[in-house]
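Have a look at the structure below, then the notes.
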Amino acid sequence: RAAALDADPLHDPDADAEDENWVSRELLLPDTKDRRETSAVLNCPGCFTPVCYQCQRHEEYSRQWRAVDVRNCAVDRSKTLTMARDDSSRYFAVRCSTCSADVGLLDDDGVYHLFHVLE
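Structure follows, in structure tokens:
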């Protein structure tokens with residue numbers, strides 16, 4: 001490794017593998033089969049800050065994702081949102097912590113529904 005760094009001190013040939021291992025270890029939670037997978041890495045549309053590293057694409061709505069963990073986001077619990085008058089489910093706005101852009105909703109079960117994001 002030292003010889004490779006001597007050849008080009010600005011290039012580390014092992015950096016990509018090390019970064020991939022760090023992301024898997026620190027940002028991706030294992031599922032019930034101990035797999036660490038994601039449908040996409042999602043970013044704020046206002047400032048491009050990463051907001052989710054592990055999510056699942058919605059089966060019906062191709063521009064919507066579900067997640068149990070988000071990063072760089074704040075949940076606004078000051079207002080309860082509903083989808084329909086007869087729907088008892090409560091939702092809370094989820095905003096980017098960096099620029100305050102709306103990125104999705106948090107439901108009563110602790111699931112994030114992200115739809116104002118960049119893939």
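Residue numbers 1 to 119, in UniProt numbering, belong to the letters of the sequence shown in order.
All C-beta atoms, glycine included, are put in the ideal place defined by N, C-alpha and C.
query	result
ALA74, buried or exposed, once every other Cβ within 10 Å from all chains shown has been counted against 16	exposed
Continuous beta strand (DSSP E) assignments of at least 3 residues falling wholly in the region 87-117	91-96, 102-107, 112-114
Neighbourhood of LEU5 by C-beta, 7 Å cutoff - its chain only, sequence neighbours within 5 removed	Legend: pLDDT at LEU5 = 49, less than 50; position of this residue unreliable, value from coordinates given subsequently. Answer for LEU5: ASP12, listed in chain order.
C-beta atoms of CYS44 and ALA101 nearer than 8 Å	yes
Backbone CA spacing between ASP69 and HIS113 [nearest angstrom]	11 Å
Those runs of the alpha helix (DSSP H) which lie wholly inside the region 5-75 and span at least 4 residues	15-26
Span separating the alpha-carbon of ARG90 from that of GLU26	30 Å
Candidates PHE92, GLU60, PRO50, of which the one nearest CYS99 by Cα	PRO50
Nearest to THR82 (by Cα), restricted to the options LEU106, SER62, TYR61	LEU106
Exposure label - ALA84; buried when at least 16 CB within 10 Å	exposed
Nearest neighbour of GLU20, chosen from TYR61, ARG77, TYR53 [CA to CA]	TYR53
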